[in-house]
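According to the working numbering, the sequence shown is numbered sequentially starting from 9.
For each residue, glycine too, the CB sits at the ideal point set by N, CA and C.
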Amino acid sequence: QVQLVESGGGLVQPGGSLRLSCAASGIIFSISRMRWFRQAPGKERELVATISTGGVTSYTDSVKGRFTISRDNTKKMVHLQMNSLKPEDTAVYYCNAWNVRSASDYWGQGTQVTVSS
Numbered sequence: 009q010v011q012l013v014e015s016g017g018g019l020v021q022p023g024g025s026l027r028l029s030c031a032a033s034g035i036i037f038s039i040s041r042m043r044w045f046r047q048a049p050g051k052e053r054e055l056v057a058t059i060s061t062g063g064v065t066s067y068t069d070s071v072k073g074r075f076t077i078s079r080d081n082t083k084k085m086v087h088l089q090m091n092s093l094k095p096e097d098t099a100v101y102y103c104n105a106w107n108v109r110s111a112s113d114y115w116g117q118g119t120q121v122t123v124s125s
């Protein structure tokens, strides 16, 4: 059974930091491209950051220089370090795993991030 469990969300003031984590089980983590998406109220789900099986990262423009995605293949975890948070970063953040061989796609249930004073 595949499970992606996110943690680390919460309420933070503008300019603050949060670190999201996603624990994966039931998948071959080493061949999974890991991604973080977010969805704000009334908006479509947006790809925030990607880390390839080889550790290559990419980010949407609005978070470049502020967010860092990383992975630990031994622990089957992916993290999203979020610094200099802005109110527009408020959203539910979802962890996604995409198996590069089978193209199977898996989602976590999401964790709420609220940036507000």
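Residue i (DSSP reduced to helix, strand or coil)
| i | result |
| --- | --- |
| SER70 | helix |
| SER15 | strand |
| SER60 | coil |
| GLU52 | coil |
| SER33 | strand |
| SER38 | helix |
Residue i at chain B interface by Cβ criterion, 8 Å
| i | result |
| --- | --- |
| ASN104 | No chain B is part of this structure, which consists of one protein chain only. |
Status (buried if at least 16 other CB within 10 Å, exposed otherwise) for residue i
| i | result |
| --- | --- |
| GLY139 | The structure shown does not extend to residue 139, since the chain is modelled only from 9 to 125, so the question has no answer here. |
| GLY116 | buried |
| LEU88 | buried |
| GLU14 | buried |
| VAL86 | buried |
| THR8 | One cannot answer for residue 8 here, as it falls past the ends of the chain, which runs 9 to 125. |
Assumed close pair residue i, residue j - CB separation to whole angstroms, cut-off 8 Å
| i | j | result |
| --- | --- | --- |
| CYS103 | LEU19 | That belief does not hold up - the Cβ atoms of CYS103 and LEU19 are roughly 20 Å apart, past 8 Å. |
| SER33 | LYS84 | 7 Å |
| LEU55 | ARG43 | 6 Å |
| TYR101 | ARG46 | 5 Å |
Inter-stretch contact at 8 Å, needing at least 3 Cβ pairs: the region 32–39 / the region 103–110: yes
Segment contact flag, the region 84–94 with the region 17–27, C-beta cutoff 8 Å, min 3 pairs: yes
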